[in-house]
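Please read the structure below before turning to the comments.
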Amino acid sequence: MGVLAYSAERMSFYFDDEVLAHVQVVATAKLRRHEPFFLSWRDPQAVGGGRSAIWLHPSIPLSFHFDSHDRPPLDRQLLEEMAISASGAGGLDLSDEAHLSRTAMPSHNAMKRHDLPMTV
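Take full-length UniProt numbering: the final residue in the sequence shown is number 120, and no numbers are missing along the way.
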């Protein structure tokens with residue numbers, strides 16, 4: 001599980017390393033261009049379910065930590081689809097596969113537990 005640390009308070013959000021690697025690439029590209037956007041996902045039942053969203057902006061501290069020493073493989077098509085989604089009115093929704101044709105984003109929960117397999 002990778003960690004997305006957000007804001008000066010360093011709120012931590014846990015994602016599968018592969019999902020987090022894709023988010024990192026998209027966020028880096030958008031924030032370099034000073035294009036803020038929402039990032040949202042479904043919360044696991046273990047933390048009460050529901051949905052979460054954060055506003056990603058160049059002025060808000062953001063860091064990524066991965067469990068693996070190796071960089072996860074990146075899917076170029078998925079990156080393009082995520083970038084298009086992030087530029088839309090709703091931002092990048094990791095739980096919405098309507099605009100993400102690949103299955104790298106789990107349909108039941110963007111924040112994953114270790115016991116759930118990752119499919120690409």
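Quick reminder that beta carbons are idealized off the backbone N, C-alpha and C, glycines included.
Along the chain, where does the alpha helix (DSSP H) containing residue i start, and where does it finish?
i	result
H65	Element bounds for H65: not the alpha helix (DSSP H) but the beta strand (DSSP E), 62–65.
A83	76–86
Pick helix, strand or coil for residue i, following the three-state DSSP scheme.
i	result
residue 171	Outside the displayed range of the chain (1 to 120) lies residue 171, so it cannot be described from this structure.
A21	helix
R42	strand
R51	strand
Who are the near neighbours of residue i in its chain, counting only those whose CB is closer than 6 Å to its CB and skipping five residues on each side?
i	result
F66	G2, D17
S12	V3, A5
A83	V26
For residue i, which residues in the same chain have their Cβ closer than 7 Å to its Cβ, ignoring the five residues on either side in sequence?
i	result
L20	G2, L4, F64, F66
G91	F37, F38, L39, S40
P61	S7, A8
D43	G49, G50, R51, S52, M111
For chain D, find out if any of its Cβ atoms is closer than 7 Å to the Cβ of residue i; answer yes or no.
i	result
G49	Absent here is chain D; the protein component of the structure consists of one chain.
Can you give me the start and stop residues for the beta strand (DSSP E) that residue i sits inside?
i	result
R71	Counting along the chain, R71 falls outside any beta strand (DSSP E), and DSSP gives it neither H nor E.
residue 182	Outside the shown range of the chain, which is 1 to 120, sits residue 182, and nothing can be said about it.
(message) With a threshold of 8 Å, are at least 3 pairs of Cβ atoms found where one atom belongs to the segment 69–84 and the other to the segment 49–58?
(response) No, the segment 69–84 does not touch the segment 49–58.
(request) Count the C-beta pairs between the segment 25–37 and the segment 45–54 that are closer than 8 Å, then say yes if the count reaches three, no if not. (result) no
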